[in-house]
Structure formats: C-alpha cells, structure tokens
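Q: First residue of the sequence shown: 1, per full-length UniProt numbering; consecutive thereafter.
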Amino acid sequence: MAVTDLVTQRLGHVCLTPEGPVVAGSMNEWTLVYTVGSYGIDEGGTLKLARRFASDWAHPQFDEPTAPNYTTVTTTGEAKLRPRYDPKAHVRPWMKCLVIDVYDGCLAPGDTVTITLGDRSQGSPGIRAQSFIESAHELRFLVDPTNACLVERLPSSPVLEVISGEPLSLVVIVPTQAIVGESAEIFVKGEDRWGNPTPAPAQIQLSWDGDGGAQTNCTIEGRELRFSSACSGRVVARWNDQTFVSNPITARAEAPRLRKYWGDLHAQSDATVGTGTEIEYFEFGRDWAHLDVMSHQGNDFQMSDEDWRRLNEVVRRFHQDGRFVVFPGYEWSANTAAGGDRNVMYLEEGMPIMRSSHWQVRGTPEDQHTPAHPANVLFSKLREHVDPNKVVLAAHCGGRYADIRTYFDEELGPLIEVMSCWGVFEWLLWDAFDKGYEVGVIANSDGHKGRPGAEGPGAGQFGIFGGLTCMLAESLTRAAVFDALRQRRCYGTTGPRMDLDFEVDGQVMGSSFTAKRDRVQVTASVRGVGPIESLQLFRGRELIHEVRPEAFTSCAGSRRIRLVWGGARIRGRGRRATWDGVVELEGASIERAQVFAFDSPMDGIQAQTKTKIELRSRTTGDLDGLDIWLDQAQRGRVVFRSEVGELVAELGTLDAAGEHASFGGLDLRASVSRYPESPSDRVIELAHEVELTAGQTTPLFVKANQVDGHIAWSSPIYPCRP
Numbered sequence: 001m002a003v004t005d006l007v008t009q010r011l012g013h014v015c016l017t018p019e020g021p022v023v024a025g026s027m028n029e030w031t032l033v034y035t036v037g038s039y040g041i042d043e044g045g046t047l048k049l050a051r052r053f054a055s056d057w058a059h060p061q062f063d064e065p066t067a068p069n070y071t072t073v074t075t076t077g078e079a080k081l082r083p084r085y086d087p088k089a090h091v092r093p094w095m096k097c098l099v100i101d102v103y104d105g106c107l108a109p110g111d112t113v114t115i116t117l118g119d120r121s122q123g124s125p126g127i128r129a130q131s132f133i134e135s136a137h138e139l140r141f142l143v144d145p146t147n148a149c150l151v152e153r154l155p156s157s158p159v160l161e162v163i164s165g166e167p168l169s170l171v172v173i174v175p176t177q178a179i180v181g182e183s184a185e186i187f188v189k190g191e192d193r194w195g196n197p198t199p200a201p202a203q204i205q206l207s208w209d210g211d212g213g214a215q216t217n218c219t220i221e222g223r224e225l226r227f228s229s230a231c232s233g234r235v236v237a238r239w240n241d242q243t244f245v246s247n248p249i250t251a252r253a254e255a256p257r258l259r260k261y262w263g264d265l266h267a268q269s270d271a272t273v274g275t276g277t278e279i280e281y282f283e284f285g286r287d288w289a290h291l292d293v294m295s296h297q298g299n300d301f302q303m304s305d306e307d308w309r310r311l312n313e314v315v316r317r318f319h320q321d322g323r324f325v326v327f328p329g330y331e332w333s334a335n336t337a338a339g340g341d342r343n344v345m346y347l348e349e350g351m352p353i354m355r356s357s358h359w360q361v362r363g364t365p366e367d368q369h370t371p372a373h374p375a376n377v378l379f380s381k382l383r384e385h386v387d388p389n390k391v392v393l394a395a396h397c398g399g400r401y402a403d404i405r406t407y408f409d410e411e412l413g414p415l416i417e418v419m420s421c422w423g424v425f426e427w428l429l430w431d432a433f434d435k436g437y438e439v440g441v442i443a444n445s446d447g448h449k450g451r452p453g454a455e456g457p458g459a460g461q462f463g464i465f466g467g468l469t470c471m472l473a474e475s476l477t478r479a480a481v482f483d484a485l486r487q488r489r490c491y492g493t494t495g496p497r498m499d500l501d502f503e504v505d506g507q508v509m510g511s512s513f514t515a516k517r518d519r520v521q522v523t524a525s526v527r528g529v530g531p532i533e534s535l536q537l538f539r540g541r542e543l544i545h546e547v548r549p550e551a552f553t554s555c556a557g558s559r560r561i562r563l564v565w566g567g568a569r570i571r572g573r574g575r576r577a578t579w580d581g582v583v584e585l586e587g588a589s590i591e592r593a594q595v596f597a598f599d600s601p602m603d604g605i606q607a608q609t610k611t612k613i614e615l616r617s618r619t620t621g622d623l624d625g626l627d628i629w630l631d632q633a634q635r636g637r638v639v640f641r642s643e644v645g646e647l648v649a650e651l652g653t654l655d656a657a658g659e660h661a662s663f664g665g666l667d668l669r670a671s672v673s674r675y676p677e678s679p680s681d682r683v684i685e686l687a688h689e690v691e692l693t694a695g696q697t698t699p700l701f702v703k704a705n706q707v708d709g710h711i712a713w714s715s716p717i718y719p720c721r722p
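1) Is the separation between the beta-carbon of H448 and that of A54 shorter than 8 Å?
2) Pick helix, strand or coil for Y281, following the three-state DSSP scheme.
3) DSSP on C15, reduced to helix/strand/coil?
4) Would you list the one or two residues that DSSP bridges to D144?
5) Where does V361 sit, in a helix, a strand or coil, going by DSSP?
6) Assuming the contact rule is C-beta atoms closer than 8 Å, L415 and V439 should be a hit. Round their C-beta distance to whole Å, please.
7) Taking E223 as the reference, which of P175, G165, H396, R560 has the closest Cα?
8) State the start and end residues of the unbroken alpha helix (DSSP H) segment that holds E78.
9) Check whether the Cβ atoms of F284 and V326 lie closer than 8 Å to each other.
10) If you drop the 5 nearest sequence neighbours on each side, which residues of the same chain put their C-beta closer than 6 Å to that of L654?
11) Which parts of the stretch 322-357 are runs of the beta strand (DSSP E), unbroken and 3 residues or longer, counting only runs that do not cross its ends?
12) State the Cα-Cα distance for the pair A473 and G495, rounded to the nearest angstrom.
13) Spatial neighbours of F663 within its chain, please: C-beta separation below 6 Å, excluding the five flanking residues on both sides.
14) Kindly indicate which residue of A670, G339, V188, I133 has the alpha-carbon position closest to the one of V245.
15) Below 8 Å on the Cβ atoms is my contact criterion, and I expect R562 with G625 to pass it. Report the Cβ-Cβ distance as a whole number of Å.
16) Using a 10 Å radius around the Cβ and a threshold of 16 neighbouring Cβ atoms, would you call H660 buried or exposed?
17) Look up L98 in the DSSP assignment and give the residues it is bridged to.
18) How many angstroms separate the CA atom of G6 from the CA atom of L154?
19) Any idea what DSSP makes of N376, helix, strand or coil?
20) Is the shortest distance between the beta-carbon of P201 and the beta-carbons of chain B less than 8 Å?
21) Identify whether N389 lies in helix, strand or coil by the three-state DSSP scheme.
22) Does DSSP classify A214 as helix, strand or coil?
23) If I'm right that S558 touches I684 with Cβ under 8 Å, what's the distance once you round it to whole angstroms?
24) At what residue ranges does the stretch 442-499 contain a whole run of the beta strand (DSSP E), taking only runs of 3 or more?
25) Could you pull out every residue in the same chain whose Cβ sits closer than 6 Å to the Cβ of V547, ignoring the five residues on either side in sequence?
26) By alpha-carbon positions, which one of R569, L393, R519 ends up nearest to F482?
27) How should E542 be labelled, buried or exposed, when 16 other C-beta atoms within 10 angstroms of its C-beta is the threshold for buried?
28) Identify the continuous alpha helix (DSSP H) that holds residue 753 and give its terminal residues.
29) So the alpha helix (DSSP H) E313 belongs to, where does it begin and stop?
30) Compute the Euclidean distance between the alpha carbons of W57 and P87, then round it to the nearest angstrom.
31) Tell me whether T514 sits in a helix, a strand or coil according to DSSP, three-state version.
32) Look up V630 in the DSSP assignment and say whether it is helix, strand or coil.
33) Buried or exposed for Q268, going by 16 or more other Cβ atoms inside 10 Å?
34) Tell me whether L117 sits in a helix, a strand or coil according to DSSP, three-state version.
35) Cα-Cα, which of A551, N69, R234 is closest to G123?
36) Name the DSSP beta bridge partners of N299, please?
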C-alpha cells in the first residue's frame, strides 16, 4: 500500500464542496466533511484547518449566526468539539488555523466532522474568500489523533484555484523614456476590486495627451507609440465611461547615457512564506507587472539547499539581457538583535547562500558558508567567499527591522529600502545620516501574495501597497543594472512610475564628490503619474527648500480641506497604528468627501452625515488621508478624533500650511490644511543653491509628493567641501 494511502487509512480523509474556482474576495459557503480513519481521535485530540501566513481569508467566527464569516462544526460521533481561531497554531508558513479540540469523548473510525465555513442557514451572508489570486490554494487539514500535540497533514487536503473578479479599472504602463523614431510598447491590463490582474477588456480607446496638449508628435497604432519629435506626455485609456492614464513618458532625439528601468527586487514565493511557485512569481512580474528587473528574496532560515539550487535554475531560465534582468538572492533574516533583515542580491547564479540560522531547515548541513550570524559575520563571510563586486545588500524592515546603527557595511550594503508592503521607513534613512553612511534609496514590495511589482494589502492586516525601484543604468543588462545598484543610481516610489531627476553640480543621484566651491547647485524635476503636491529638498533629515504648484499659494477661498494622518507605533513588528475615529464639522456642512492613500478596500469611510464622518484606518509609517468639500470653509471648525489622538482647527484661519499635531510613537502625526479645489500640475522643477560646511560631507536628496499621497525618494548625493 502506498504511503499516502496508508496515511489516509489511518488518519482519515476530507472532502470539500463546492470544489470549483473561487473568485477572489467573494462571499460564499464552503463545507468540509472529515471522515475519521482507523486510529480514531482520542479525547484531547485536535483537528486543524490551516492556511498560509499570507492568506487573508476572513477569520471564522462561531457566535453570531447572522453575521459574516459564521462557521459551524458538528460531528456524528459521541465526543464534543470546541472550535476556535488561532493565527499562530501551526508551523510557519501554515500558521493561521481553525482549531477543533476534541473533548468529553472520542471519535471512532468512520465518524464524520462537518465544518461549514460561512454557514448561511441562519442568515449569515457567508465567509469572505482570500482577496488575491492563487493557482493552487490549499486548505491544509491536520490531524492529531493521540493528544500528543503533534499533527500530520491529510493527503486529501483540498486545493482550490482562486481567480480574479471582473475588472473595475485599467492599468496602463509605458516606458519612462523613448527615442524619436522608435516604437514604444503600451501595456494595458484590467484589475478587479482587490488589484488582481485580468486581460485588458475589449473596446478600450487609447489616445495621446502631450505636454501643452500637443497631439501631432506622437501616433498610436494598436499597442505601440511612435514619436516624430521630442516631447513628453502620457497615454489616456477610456473604457466603460472612465478615464485611466499611464505613467509619464518622455521621448528624446537621442538615447540618454543612463536609461530608467523599473523593478521589484524583493518579494517571496511559496518556497518560504509567500504564495505561488518561483515560476509563477517571475511570470507575474514579467507579464502582469511589466517589470524590467526582479530578484527573489526568500527567508534564508526556511530555504534548504535544494530550494536554493532550484531558485538559481529558475532565475537562469528567466533572465534575458536586453529584455528581463533577474538576480538570484535571498533575505538574510536574523532577529533584529543580530542585525535584522538584509536583502542579498548576487550578480550571477552559483553563489552560496549564507543563512542567519537553520531554524526551519535543521537537516541542512552547516558548512563554511552557513550559518553566518550575526550581521558582522555575514559581512565577513561574504568578503571571504564571494567577489565583493558580485554582491549587493540592502537594509530592510519587515517583521524584523535592520539595525544599521549596530551592523552596517557601506561597501557591501549601500542600499536602504525606505518602503515596502510592511510600511514606510524614512527613519532608516535618518539612521544612516546620523551614522554618516553614504547610502542609496530603493523601494520594493516584499510581497507575499504572489503579485511582485503590483502588490496590494488585500483584506488582511499585512501592510500597504508595495513600492518600486527605478534604476539608472546604461543598458538593460545584468552588469549595467547591478552596477547602478552598487553605485546607488536609483530611486524608490510607493508604486507609481514617477519620472524623477536629481543632480547636484551636474552629478547624478547616488554620487559622492568633492565640491569645487562652498556652494552647490541643486536641480530636480518630477513628472507625476498624477498631479503633484510638492517637490522637497532635504539636507540630511532637514527640509530646506520646497516647491509647490501655484494653486497652493492661491487657495484661500477654497472649500476643500485635507486631513492627513500617519506614522507608526514602534520600529518592530507591532508597528501598526490604529486610527479608527471620527471627523466632525461645526458651523459648516459636508458636500462631498473622499479618502486618498488608503490601502485596503476594508478601510475608509464607514458612515457619513452632513457634519460627521466615521473612519477605519491603519498606518505603518505611511499616510492616510481624507479630502472634504464644504458648503463654506471660512467659519466654523473641524475636529479629528481617533484612537491615536485629536486635532482641532478653526476654518477661518486655516491656510495651505495647515495645523499640525504630533502624538509620539514613531512620527505619529496628523494635519489639516486648506487645499486647492482641483490641483492639476503634473510637472514641477526645482533649482536651489545649498551652502556646504567646510570639512563635511552633506547628504542632499529630494522627495516628490503626489496629490494622491504617493511618494518618490531620490538616492542622496554627497558633496564634500574640503
């Protein structure tokens, strides 16, 4: 008898109805029937229905029969069953469990246990399915028949396909740069409510919207752009009475020395704690996120030697100079006390994995490469066993945050990841400045949902939308892109492909140079995917100059006010801040309100009247916001009350600078300001002279802020005055 058959005979089997594909985020009722095997289930035994860490199926509840996610558990046996939900009831990544304790009796062979997820028999609308697509979503059924607290997986554990819903919006992507006379691809896809991709719907109309309204310098044929002269603009897609715009594209007569390529250098597959295979991972990034560059960053302590070998083979298969650059890599995932998370990327395959520990691969032999613990040992072993020109490290804040104050190697690891799905971490950049490090800025997703380059938070508690890194490289080749990362020629965004330029005395971002005089000239510009709110120049962590569109200096009569809040509680894993609360207007009435920069469809406005708005909001270093259009905004006041703090402002004195409040934590703050009715500038330029301090290196960088809350951060430039 086969081993799987023997396990089934002894432990039992489980079946699921319905079996068909599940639409992501849909509400339904699912029934699992478990038939007890020959062992029976002893009193004190346990059944578990486990899902992976990344899954955001709604948590089952057992007390409210008419409410969402109501779940029942019954048996034909004599024992009693006690169901409960425990988010950490099994070994990573199968952590999220519906746990069923067997008590006051036993279950005999042939007895059944019926689990009805989203039981609708008493009025519940069902249970909400996972919000993101997955080709093979397993409902892992685990059995402990002996009260030994040791469970084993049933071979019959059901597997479902989770598919996209109907498209509600379009995503249009074009290259950031183009050459006159050459064609540039227009990529269009649909997205459902949860950000899952669908093929582009039929009957899409594409048009060109150039700077100044010019229409004759660009033609569109099918899904291609062709430019007859130098210009900038965007592609506009019209579908279903809606308008969607691409990222900006600029055509030049000649190719620039440095081209801009977009990548997500940090996410995970099911090799560790993510979703989907490595093949599906790279296919999604290439074909659906339309990335130029990728890396895979599985947690090292969960990757066996076979996992690492397989990943290298998949990377070799997908990499193609000139089309799609892929770097092998892993996430060195030590506890923060030992240095915290570092992303390791190699120039080529065949390099050693140097783990922080062997915690979940204890059968994997230790050798001269692994483990490498703490971070200073990692740096030492990399220098001993790897060509330093073929490895680059980035400091990352995930569940563990990188302690770069204690452990840092500027040559091997010159990159700082300022944001990912885990949150926004500008403070990591401040740490670097405080220590005098010269670093570059990147932003990625660390996505766990199998959507690298287009990752969102879904319905779960895991973070925000993922970011992207733009690399300034001479060509789309491994050697050129890797050199750009090592030289810090890169910038990060919260997701949109904003076109950011930044120079100091003609030196490109990431540069370190000796200034010829005591003042340097800073120039910067940004072309936004949406309207721009500001372009800011920083000297270290100090804001020293800011440019805003004219609309912000002439909005005294505007009836629109903007409320913004954000930050994090702490640096560590429990950084999420809960801002649930209300906005109340006194002496004015609300005509319209809309949120911006919110991440999950589960958050946002929960209820609204003419004078009050109830909000659900969470931030992890990022910002959430609310725009309110009033019947008049010259008298009265606005009050924001949340679980974090309270902010009050008088409308009569409110201006574009606004009122601000700080609430401690890790930059927990809120502000309210008068805002232009309809800001529309998508291009801002900055020119400013900065005085340097003798004998010091001065880090300068720019930050671009869009009206919709999205951000781009340049890598700093480091002029030194002798």
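Backbone N, C-alpha and C fix where the C-beta goes; we use that ideal spot for every residue, glycine too.
A: On the basis of the supplied data:
1) yes
2) helix
3) strand
4) Bridge pairing for D144: T46 [DSSP].
5) coil
6) 7 Å
7) According to the sequence displayed, residue 223 carries Arg and not Glu. Closest by alpha carbon: P175.
8) No alpha helix (DSSP H) holds E78; DSSP gives it neither H nor E.
9) no
10) R674
11) Whole beta strand (DSSP E) segments, 3+ residues: 325-327, 329-333, 341-346.
12) 20 Å
13) Cβ within range, chain order: V644, G645.
14) V188
15) 6 Å
16) exposed
17) L49, Y85
18) According to the sequence as given, residue 6 is Leu; it is not Gly. Their backbone Cα atoms lie some 11 Å apart in a straight line.
19) For N376, the secondary structure class from DSSP, reduced to helix, strand or coil, is helix.
20) Looking for chain B here will not work: only one protein chain is present.
21) It is helical.
22) No answer about A214 holds up, because its pLDDT of 49 lies below 50 and its placement is not dependable.
23) Actually they are not in contact, since the Cβ atoms of S558 and I684 sit about 20 Å apart, beyond 8 Å.
24) 468-473, 490-493
25) L535, I684, L686
26) L393
27) exposed
28) Within the shown structure, residues of the chain are numbered from 1 to 722, placing residue 753 beyond reach of any answer.
29) 305-318
30) 12 Å
31) Strand at T514.
32) Per the sequence shown, the amino acid found at residue 630 is Leu instead of Val. Residue state, collapsed to three classes: strand.
33) buried
34) strand
35) N69
36) E331
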